[in-house]
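Protein chains in written order, with the UniProt record's numbering: chain C, 1 to 504; chain H, 1 to 504; chain L, 1 to 504; chain E, 1 to 504.
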């Protein structure tokens, strides 16, 4: 799937770090945060922000936010001003809302009666409208449209029973969690502590890593005493690039306190009786980086399994299997392995194509995606091709690719999609086009192959996807011998079954 | 006085505009706002912001903020996005506080239960600490250090007796005015209305102008029906550059409503019994542009009068009178007229000197101000000079100028300062150095002439300054035949007598 | 091979376009040039330049050059000023030499007695020192170190027999070609004509494409009358993205004239008797985009063939074959096909890693390439891996990758390199590290496996590489039934046998 | 005169510096050069360039050029790369010609047979067309339109009698001077020497300063042994800001060699018999900074004398004398002194007005210069004003100023211009509008007062100007007791009498 034109928005990434031991610690927290953000860049390229704290009493907070990719948003002087942090949280963001863009950047920092807190949020509060109204009715003005500001204001309000002089942040966080069921993975920094919070449905990912000396990174013998600090991240793929060992996931509903003294689970807020967890299944299908680990399994492996399942559900009689580079490659290799057909590259990507300032004229519009992909003609001319993609949203990217291949000599082009059709909007943080724009809801979907110009089109079934995903979860849990927690995934965009009832 | 090195911060400027008549009006409000800001640029060069509203129901607000001078902070695309405004407010800012600079830029915009409001503020709330605590105790988080955000949150709170469904903004503004006595000149935009508010002490300036067709700008016959819109500004100097006629000042304590239907005075909140008004006297001495009008008199005239008064109080036996360009020139000309001595230029300014990136070495530091001023040697070599300056803050700018003149051949250099020594901090919006840094509080002040290398130094007396300022106010009032309102000016930085008691 | 750290410089790319027919033509030449440059961006990312001509008499030339990638070097106003061109040439550049960077950017434009010419050059003149001296002895000052300026000055000199009033550019170009044997692919624009020139050894690539209506792009029936213009490019991969059909290569020693009237071969300057052509073999191995076509064969196919050959020459007993993404993938797939071993991905690339502003500390340096690659642990843990790379230059990129794989659980890691060891410098346009820096010239090369931490390391032989390359050339020529021209490639960096004797 | 709208282009400035003594010297040459350029910024704001040399054998040259003001064109890294210079030359430039702007920036650097030379040029070669043709006929390609490149190529050519292995630069410079009579002030850097050259007519200024310890700057006892270096500059105003003593002018036709060993006059190339010198009289009238010294007299003094002369030639019966700030102030003060009328300010300048991005609509166009000037109404309402300006070029700036003053209540507005009408183009370096655009050549000039809306307009006569200028030259020469050299000034733009015959 080609991200830019298909219109499924990527979501956000959050990352936090606390240096262990007493100050001055050896670890340069601002560096770790920056590298962590770069590793989560695939989750959002619109803006980035870092807030660090020296952990003192009172603490000094340092902050920088910028538009664009992490590398350009954090010039040398920005890193310099963040340098004295002993802990910090950061955020990379996809969507742009509100009247002033930089204003909406996270982390959000506010002064409360008890001091300054900083909040980074991945997700979308399903009842944000009602919550905004509630907060404003309390006489609060909201300066952005972001859920993060709303969360900070909810946290700033004193719960009824709290003593004024010692804020009970855990009580406030629990209070927040009762106000809104999903979806959020939150990092809340206060003085020398980061609270890592995942909503009771576990809709968005969040996991913990342990910073150890690089020399002990891969030895099994790194003990507590070797800990140089702790990190918490939307995805574990960030751990390798900063020298951290994967520790564990934050559980659905869990509040974990991270400080220089270590990790402490403070509470697990339960879901309503009977509700299964609802981890976003599209993290597996598309969003996450393939080397990240969710629920004990590598994302790449799940994608490959989807490809195998797809080959079982929708075989083809062709000469070769290929991929729309780069995200669909694991599924294509899985399809090839299962089907026994040779895996062959038919397209190469021009990695330098980006936003040019040329005004497209008719000629250019006709060329379409041609400038993004080079066609490896000799690999498929005169042959029948099955092209595996990870998802089809609007259908306007795959269509010109098929045309390219045909014009270059492909005898047949069959499309196999390693996920089911997207039919419903997401209200939990994923930017999906309106129902009307989704190809699966258009009249043409009845003859989708004809519409996009393919010889045949088949999708993975919802059951097939769920099986491919959950097979690994089960396997892992058995292997680990731990108590089996319930397994469940949010498939709302495919099935219309939302994990919680939506209020309007 | 050389601003950059002396360290008296300039303050902020606010400006607002409402187009008259029904939409679409002919006036381009975003243009008027931009030009208004440029004309107020001397009041703050650090950042600028504009918020416009289309005045609809519900209104659409458009906003842009940027660092630096107005011209660079408002690139073409910024102006484009503001274009559809029928009214708007804007702000140019001097001081930099808080952790993220752009965040603190004004105008401040918040969503309240009753809609979005925008606030621009010139001044400094004397009791801001207590107010912040009060607001936070109510459970509100504050995301900046700025008084403007504090003001928006105070306005967002529902007063006890207000009906929920129809916000009584005037009641809320009056409520705000009872919470804090000074100092503020405020512009509050809500939907299709701007409320222009001046604190009861009138500490900061604010005046109203009428936009008329350029052809009728200087004719006396421009009537109500010619009105193309209304503007409100910190200083009247902005009116000329946008084609507006001076209308009147906003009175101390007054709330004026400006809409497309015209100007309406809603209320005048009184000062405590017995308190005189307290308009900042340094607006006359240094901050304001010489062509602005306060209390019916032109600032240039007051400065010239200060120079005359100084010549009476502190005459010198020299060959010529000169100025430290450019701000002290009216006073120097006044001194020359009164004393009968010839006015002669001794320094010319290099207008291109600014921040260079060269690292100063010893040699450069020794050169000091030499690179800012050219010495017009032939005009004074072998002569006795009296140099008039408008104020001396730290003394480290005037000292090298004296050295320059002596080295170029001046026989004597006498300094006459057209304002009294600054001895006390300002808590009402002017960024004055700490008490310790002020030359008037240093032991060396006893021999200030010796310290800065002058043959003699004399300051204008406080009484002399007040006389020079108030003479014109009285004259104007008599001339206008209107009821004499009380006259009074804040001289706190000179006398330590603050208009209100300071809370800590 | 990881480009950035390995230090083989990429070279330059040249591109030209002439719109067919009479002015105003429909084709927007500046657009075509920009897209052409983007497609050649892999050949140089340091700067880019475009010069267009309106083709008039006298012609108006328009020019823009900028640092960095094409997209950022050509902002909207740059494209605007180039817009009226009916023909143009452009250049994207790798290396940075000389005292002012932008000065050295190509195309180089000079005014001569007969008018303005513009020159774009890919390659490096082997005898540039002697030529510079010769030109300067003629009394010419040279303002850059670039060969392009040297070429323009040589072209500006009137050949002995030329009549002054009608410049014979072809004679001048031939004169230039006798002064220097290699290496150059040149585009020379004069008024309404582009001369495309390839050195007699054909060391650098150059090919011609025909612009046709998009609708006729893939039909075989596009005739002369459909021609919308002509393009000439370092690589054919650029043709697809602009809607051009591959026409043919410029032959070694050929001078082709391109104008709105079409293509015309003016001359073929011969090599010295007995010298074979010497097309750079590293274009196949590493530089060119895989979808480009040289000598009738697709680069991807050659790389795959190298992988197959490597599997024959250096088999391994392992569990899986993998690649260092992305450039080595065709070779790895070839190796897998030949060996029958499964092709498996073990690394994923973080496409957002680039230049950050963080100062590396010890910790970061120890992490090395970890931040560039994600490890797909589950795909290879406990397994024996053969990793195929396209070339090893210094050895300091592959070494940490091997370490990463081992630490993540690989049982064995064998390295197979799909090209022979680089041992000699290139003097014909490729930026290769000094002899001393090349791993193949270090004492450690005797135990290269031990040095980089691999279980075994094997390289493709020179014979193997030449076979893999020339097999396709022969095949193609037979297939086309045309006269067999001599086949030959420059392998100087591998063998030390340079195509011409080097002068010093 | 308002520069921006009137259209008289300012010209260029050149500056050079050599540190005395042996390397490493204490003086930071790059700093001195940067400050020197800033002080010459009024002579050109379009671009700036610096080239430094370490003076070694062979020398290393360092160079940086940038668009815009010096401060922005020389960011920290630019200064860093220039740092190791022991000598250097620099240039600030007004006009923009040629196809690529940065390409045309000076100093121009070329490699010649005998090494690298750098050239900075102020002026315009009257016979540049013929010279370009001559150079190109020699087979040289010219890559810019600048005279500087032409000069470098002329210097690169070996004179007939020169021995090849030891270049005789002085012979080459003399050769150049015979090829072109005027106008040029040149700095030519070669290895460790700067040659300062002024054309035989002395059309452009050039003077020498001596760098001494700051402590000895104004003492008369600074001897040879105190010299820290030498500077050469278009104007002496730059000396004060770098701590240099004025030494002397470079004479018309003189070649001065400046090295670490000191100053040496090498030759004075004579003018044709009978030709007087022709120093540009507009340097006195408008271009130069008032504190600069030419021919022994301060520019300010000449301007004041012009004002006095104007008061004699064209008196007025009014209430007050005023100025168009800032350049006309000396003349206005001179007029006031001579006439006995009070000097009064009527306009204040908004120093922040510059290029905004707002699109002017009708309303804005009607406002005209109003946004640039504040009107000091109370100073002149009801009074008769004579406004002194230094020159009137097109007449479209003064006209709206008169309107402003009238509308604000001036009873009469008379214009007195402290220079004669400009009627002819300049071919020697000053960018004057075409003959047709000059107000003095328009039919309306007959009733210029009516055309610009003044009550009366009078200009200084050519004789009056020449007297005012030459009075001081004579006085100075007598005072100095030196041999009287001939005095003469170029008044071509006023009289049409050019110092040399113009070739076309």
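Note that CB positions come from ideal geometry on N, CA and C, so glycine has one too. Computed from a prediction, not measured in an experiment: that's the story for all the values here.
Who are the Cβ neighbours of residue 300 (chain H) in its own chain at under 8 Å, not counting the five residues just before and after it? 290, 291, 330
Who does residue 265 (chain L) pair with in a DSSP beta bridge? L:256
For the region 465-474 of chain E and the region 247-257 of chain E, state whether three or more C-beta atom pairs, one from each stretch, are separated by less than 8 Å. no
Could you tell me if residue 486 (chain L) is buried or exposed, where buried requires 16 or more neighbouring beta carbons within 10 angstroms of its beta carbon? exposed
Any idea which residues DSSP pairs residue 193 (chain L) with across the strands? L:190
DSSP state of residue 390 (chain C) mapped onto helix, strand, coil: coil
Check whether the region 24-43 of chain C touches the region 168-183 of chain C, counting contact only when three or more Cβ pairs, one atom from each stretch, lie closer than 8 Å. no
Would you say residue 516 (chain C) faces chain H, with C-beta separation under 8 Å as the test? Because chain C in this structure spans residues 1 to 504, residue 516 (chain C) falls outside the shown range and cannot be described.
From H:89, H:232, H:239, residue whose alpha carbon lies closest to that of residue 264 (chain H): H:232
Please list, in chain order, the residues of the region 128-139 of chain C that have any C-beta partner in chain H closer than 8 Å. 132, 133, 136, 137, 138, 139
Verify the CB distance criterion: does residue 146 (chain E) have a CB-CB separation below 8 Å to chain L? no
Suppose the cutoff is 7 Å on Cβ atoms and the five residues either side in sequence are ignored; what does the same chain contact list for residue 247 (chain L) look like? 208, 209, 210
With residue 120 (chain L) and residue 187 (chain L) assumed to form a contact (beta carbons below 8 Å), what rounded beta-carbon distance in angstroms separates them? Contact between residue 120 (chain L) and residue 187 (chain L) holds: CB atoms are separated by about 5 Å, below the 8 Å threshold.
What residues in the region 56-69 of chain H bring their beta carbon closer than 7 Å to a beta carbon of chain E? Listed by position along the chain: 69.
Quick one: is residue 97 (chain H) near chain C, going by C-beta distance under 8 Å? Residue confidence is low: residue 97 (chain H) scores 48 on pLDDT, short of 50, so the model does not pin down where it sits. No coordinate-derived value is stated.
Whole alpha helix (DSSP H) elements within the region 93-172 of chain H, 4-residue minimum: 128-137, 147-156
Leaving aside the five residues before and after residue 114 (chain H) along the sequence, list all residues of the same chain whose C-beta is less than 6 Å from its C-beta, in chain order. 167
Closer than 6 Å by C-beta to residue 451 (chain L): which residues in its own chain qualify, once you throw out the five before and the five after it? Chain order, please. Excluding residues up to 5 positions away in sequence, 444 lie with their Cβ nearer than 6 Å to the Cβ of residue 451 (chain L) in the same chain.
Rounding to the nearest angstrom, what Cα-Cα distance links residue 11 (chain H) and residue 123 (chain H) in this structure? 8 Å
Answer yes or no: do residue 499 (chain E) and residue 127 (chain E) have a C-beta to C-beta separation smaller than 8 Å? no
Can the beta-carbon of residue 201 (chain L) be found closer than 8 Å to that of residue 181 (chain L)? At a Cβ-Cβ threshold of 8 Å, residue 201 (chain L) and residue 181 (chain L) count as neighbours.
Would you call residue 312 (chain H) buried or exposed, if buried means 16 or more other Cβ atoms sit within 10 Å of its Cβ? Per the 10 Å Cβ criterion, exposed.
In terms of residue numbering, what span does the beta strand (DSSP E) encompassing residue 346 (chain C) cover? No beta strand (DSSP E) holds residue 346 (chain C); DSSP gives it neither H nor E.
Inter-residue spacing [alpha-carbon to alpha-carbon] between residue 430 (chain C) and residue 81 (chain H): Distance between the alpha carbons of residue 430 (chain C) and residue 81 (chain H) is about 27 Å.
With a threshold of 6 Å on Cβ separation, who are the neighbours of residue 324 (chain H) within its own chain once the five nearest residues in sequence on each side are excluded? 389
Could you tell me the distance, in whole angstroms, from the CA atom of residue 185 (chain L) to the CA atom of residue 261 (chain L)? Taken atom to atom, the span from the alpha-carbon of residue 185 (chain L) to that of residue 261 (chain L) is near 22 Å.
Please name the residue, chosen from H:212, H:377, H:151, H:279, that lies closest to residue 473 (chain H) on a Cα-to-Cα basis. H:279
Report yes or no: is there a C-beta of chain H within less than 8 Å of the C-beta of residue 298 (chain E)? yes
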